[in-house]
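Here's the structure, in structure tokens; my notes come after.
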Amino acid sequence: MVKLFIGNLPREATEQEIRSLFEQYGKVLECDIIKNYGFVHIEDKTAAEDAIRNLHHYKLHGVNINVEASKNKSKTSTKLHVGNISPTCTNKELRAKFEEYGPVIECDIVKDYAFVHMERAEDAVEAIRGLDNTEFQDKITPVTEGYCCCNKGHTYIFKNCNLILGSRKSRRC
22 MVKLFIGNLP REATEQEIRS LFEQYGKVLE CDIIKNYGFV HIEDKTAAED
72 AIRNLHHYKL HGVNINVEAS KNKSKTSTKL HVGNISPTCT NKELRAKFEE
122 YGPVIECDIV KDYAFVHMER AEDAVEAIRG LDNTEFQDKI TPVTEGYCCC
172 NKGHTYIFKN CNLILGSRKS RRC
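Take the sequence shown: its position 88, counted from the start at 1, is 109 in my numbering, and no numbers get skipped.
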């Protein structure tokens with residue numbers, strides 16, 4: 022089984038439509054749409070490669086979609102919430118802004134806000150310091166509290182940038 026990421030999905034896209042599109046290349050085991058992106062699980066590696074080759078930049082409802090093999094998140098990542106995102110902002114543009122502070126594992130825009138997963142907690146603190154309430158694409162963009170995801174435990178990184186690691190101020194889910 023191969024998990025594929027589908028990005029830049031138009032609002033009109035339905036799970037059935039995506040499933041039918043990918044079934045041209047192989048058996049689809051699962052299909053999930055989350056706002057403007059989704060995941061398709063295809064049974065076979067060759068079918069997944071064919072789907073990527075043929076559907077990456079495929080025009081769906083007038084929008085070029087992105088299709089690629091899903092990347093596994095690092096075991097430890099720091100998730101930041103970014104508010105007030107411009108409707109014209111792309112994942113690529115937002116990712117580039119945060120990569121000025123360190124490696125970005127994942128960047129997901131959901132309507133007018135986004136989640137950015139940074140590889141290192143220290144870089145996330147610097148991103149908060151540098152980007153919180155600054156102007157990005159003609160909007161003031163708050164970068165608020167995030168957390169370090171480590172085996173389901175959350176170590177909070179507070180907005181005032183006091184990075185607290187370890188058991189003293191950690192909380193388990």
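For glycine and all other residues, C-beta sits at the position ideal for the given N, C-alpha and C.
Fill in: Residues that alanine 160 bridges to, as DSSP identifies them
As a first step, residue 160 must be located in the sequence shown, where it is residue number 139. A small fix is needed here, since residue 160 is lysine in this sequence, not alanine. Lysine 160 is bridged to Phe157.
Worksheet entry | Best match in Thr109, Val103, Lys113 for proximity to glycine 151 [C-alpha to C-alpha] | Reading the sequence shown from its first residue, position 130 is the one you call residue 151. Ranking the options by Cα distance to glycine 151, first place goes to Val103.
Worksheet entry | Local conformation of isoleucine 55 per DSSP, three classes | By one-based count along the sequence shown, residue 55 stands at place 34. In the three-state reduction of the DSSP assignment, isoleucine 55 falls in the strand class, which pools E and B.
Discussion item. Contact defined as beta carbons within less than 8 Å: I believe asparagine 57 pairs with leucine 30. What is the distance between those atoms, to the nearest angstrom?
Written reply: Here the question's residue 57 lines up with position 36 in the sequence shown. Here the question's residue 30 lines up with position 9 in the sequence shown. That pair is a contact at about 5 Å.
Worksheet item: Nearest-angstrom Cα distance between threonine 99 and glutamate 89?
Response: Position 78 of the sequence shown, counted from the start, is the residue given in the question as residue 99. Position 68 of the sequence shown, counted from the start, is the residue given in the question as residue 89. If you draw a straight line from the Cα of threonine 99 to the Cα of glutamate 89, it is about 23 Å long.
Discussion item. If you follow the beta strand (DSSP E) that aspartate 129 is in, where does it begin and where does it stop?
Written reply: The count along the sequence shown starts at 1 and reaches residue 129 at position 108. Note, aspartate 129: beta strand (DSSP E), 125 to 131.
Discussion item. Let me confirm a value: histidine 138 is counted as buried when at least 16 other C-beta atoms fall within 10 Å, else exposed. Which label applies?
Written reply: The sequence position of residue 138 within the sequence shown is 117, counting from 1. Burial check for histidine 138: the Cβ neighbour count within 10 Å reaches 16 or more, so the residue is buried.
Fill in: Buried/exposed call for isoleucine 55, threshold 16 Cβ in 10 Å
Translated into the one-based positions of the sequence shown, residue 55 becomes position 34. Exposed, since its Cβ has fewer than 16 Cβ neighbours within 10 Å.
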